[in-house]
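Numbering (my numbering), first residue to last: 55 to 412. Think of the CB as a built atom: it goes at the ideal place given N, C-alpha and C, for glycine as much as any other residue. These notes concern the structure reproduced below.
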Amino acid sequence: MDHFEKIAARLESRDLDAMLLTNEANRFYASGFRTAGTDGMALVTRDGCCYYMTDSRYTEAAERHVRGAVIQEVGAGRGYAALLKEAVQRHRIRRLGFEDAYMTVREHGALARALPCELVPAADLLSELRAVKDPEELEIMVSAQRIAERALAEILNEIRPGVTEKEIAARLQYLMLHHGAEDMSFDPIVVSGPNGSLPHGVPSEKAIQSGEFVTMDFGCVYHGYCSDMTRTVAVGSVTDEMRRVYDTVLEAQRAGIDAARGGVSGHDVDKAARDVIDGAGYGPYFGHSFGHGVGVEIHEGPNATPSNALPLPAGAVISAEPGIYLPGKLGVRIEDVLYLTEDGCRNITLAPKDLVIL
Ligand code: ZN
Ligand code: ZN
55 MDHFEKIAAR
65 LESRDLDAML
75 LTNEANRFYA
85 SGFRTAGTDG
95 MALVTRDGCC
105 YYMTDSRYTE
115 AAERHVRGAV
125 IQEVGAGRGY
135 AALLKEAVQR
145 HRIRRLGFED
155 AYMTVREHGA
165 LARALPCELV
175 PAADLLSELR
185 AVKDPEELEI
195 MVSAQRIAER
205 ALAEILNEIR
215 PGVTEKEIAA
225 RLQYLMLHHG
235 AEDMSFDPIV
245 VSGPNGSLPH
255 GVPSEKAIQS
265 GEFVTMDFGC
275 VYHGYCSDMT
285 RTVAVGSVTD
295 EMRRVYDTVL
305 EAQRAGIDAA
315 RGGVSGHDVD
325 KAARDVIDGA
335 GYGPYFGHSF
345 GHGVGVEIHE
355 GPNATPSNAL
365 PLPAGAVISA
375 EPGIYLPGKL
385 GVRIEDVLYL
395 TEDGCRNITL
405 APKDLVIL
């Protein structure tokens with residue numbers, strides 16, 4: 055999984071001599087080494103020579119973990135700009151790609167003054183590469199998914215009237231870490247009863263009551279890659295309306311999954327699910343889109359949204375997460391993660407989806 059090579063191979067077609075990586079997720083994608091925030095830069099040149107620049111706090115760790123790049127240490131009087139300038143001159147770089155989606159105006163200004171080359175916006179080079187997972191990335195993402203599923207299987211034994219949303223969220227975090235997660239992909243969403251109509255509600259002190267839905271949206275980070283899943287379960291009993299809403303969301307999700315494959319547009323995948331919800335009369339209550347890309351970041355390209363007319367590439371990993379939210383009443387969302395292939399998709403989420411009444 056040498057992603058430095060993959061980046062280098064794309065430079066010629068964009069008429070770039072090199073690509074500068076400053077964003078944390080992109081640096082990790084390229085190097086396999088994770089540091090927080092702005093503590094490093096990577097430079098990929100067209101001739102395949104790569105540099106990972108960091109400060110003394112991270113040099114030793116970088117030497118252990120970075121694959122495929124020369125480690126350079128910044129220090130007093132020899133900062134990132136000075137090291138980059140040396141590399142620009144050494145490799146005769148005229149056009150240097152940079153991550154326009156992430157760099158601040160101030161950082162761009164400082165680099166433009168310091169470097170004797172043209173800075174070319176090229177963040178999409180990285181998003182295009184990251185959108186297509188290689189087999190090693192997929193394997194890691196499947197492992198991340200399994201950790202979340204083990205946490206789900208255990209939490210189902212603990213959901214009962216009187217337990218609060220916050221307690222469930224805390225236990226989910228513990229269980230994922232216990233089963234090998236490095237971190238959470240995002241703070242778990244646990245909402246119940248009328249709180250369920252808030253698609254991204256924050257877990258509260260509200261106690262679960264009999265006759266309510268509990269929606270749990272959670273995921274973990276494993277070897278730097280995210281998992282993401284949502285299950286909605288009922289406690290005690292369900293009304294006819296609850297069952298109808300649940301069945302509609304599940305049918306919509308299955309329709310979207312059936313439509314999902316490489317080469318189909320994000321719009322068309324979304325529409326396959328949305329048509330089911332519209333047909334059941336709940337169209338106004340499905341406000342978000344069908345899915346988003348998942349990988350190093352919990353939300354990355356490509357997206358299965360009504361506005362994405364572009365084909366989803368084979369090799370993409372996207373979520374499949376339709377929902378219906380009846381304000382002040384209830385909500386249901388079901389989310390799996392799909393790996394798109396040329397002729398369909400592989401659902402890497404194996405947790406059951408038939409309505410569970412605890
Ligand atoms: Zn989710
Ligand atoms: Zn999601």
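Contacts around residue i, its chain only, beta-carbon distance under 6 Å, and the 5 residues preceding and following it disregarded
i	result
S264	P215, V289, G290
V124	Y105
E219	V244, S246, P257, S258, K260
C171	V142, I147, R148, L150
N80	L180
F152	L74, L173
Cα-Cα separation between residue i and residue j, rounded to whole angstroms
i	j	result
T395	E203	23 Å
T76	H232	32 Å
P338	D332	8 Å
Q126	R64	24 Å
N357	R132	41 Å
D3	S181	No answer is possible for residue 3: the residues shown for the chain start at 55 and end at 412.
A136	V142	10 Å
I243	T269	8 Å
E212	I222	8 Å
Y393	V128	40 Å
I411	V292	8 Å
L252	R167	47 Å
Cβ shell of residue i (< 7 Å), same chain only, five flanking positions each side left out
i	result
F82	R88, G278, V350
A185	G347, G355, P356, P367, A370
E140	none
S343	D324, N357, A358, T359, P360
A235	I201, C274, V275, Y276
M95	L74, L75, T76, M107, Y134
I352	S239, F240, G273, C280, D282
Contact set for residue i: own chain, Cβ-Cβ below 8 Å, skip 5 residues either direction
i	result
V196	I402
R111	D93
A363	S319, G320, H321
G169	The question names Gly, yet the displayed sequence has Leu at residue 169. Taken in chain order, the residues that qualify are A135, L138, K139, V142, L150.
Check: residue i C-beta below 7 Å from any heavy atom of ligand 4
i	result
D271	Among the ligands present in this structure, namely ligand 1 and ligand 2, ligand 4 is not found.
Inset, instruction - Quick one: residues with CB closer than 6 Å to any heavy atom of ligand 2, in chain order, please. - result: Residues whose Cβ lies closer than 6 Å to any heavy atom of ligand 2, listed in chain order: D282, H346, S373, E375, E389.
Legend entry - Length at least 3, wholly inside the segment 314–386: the beta strand (DSSP E) runs in chain order: Correct list: 345–347, 354–358, 371–374, 377–380.
Inset, instruction - Ignoring anything shorter than 4 residues or poking outside the segment 132–208, list the alpha helix (DSSP H) runs there in chain order. - result: Segments of the alpha helix (DSSP H) lying fully in the segment 132–208: 134–144, 159–168, 177–185.
Inset, instruction - Determine contact between the segment 292–303 and the segment 314–323, defined as no fewer than three beta-carbon pairs at a distance below 8 Å. - result: The answer is no - the segment 314–323 does not touch the segment 292–303, with fewer than three Cβ pairs under 8 Å.
Legend entry - Three CB pairs or more closer than 8 Å across the segment 266–286 and the segment 231–249: The segment 266–286 vs the segment 231–249: in contact.
Legend entry - Contact the segment 306–317 vs the segment 372–381: 3+ CB pairs below 8 Å: Under the 8 Å Cβ criterion, the segment 306–317 counts as touching the segment 372–381, having at least three qualifying pairs.
Legend entry - Ordered list of alpha helix (DSSP H) runs contained in the segment 214–277, each at least 4 residues: Qualifying alpha helix (DSSP H) stretches, in chain order: 219–232.
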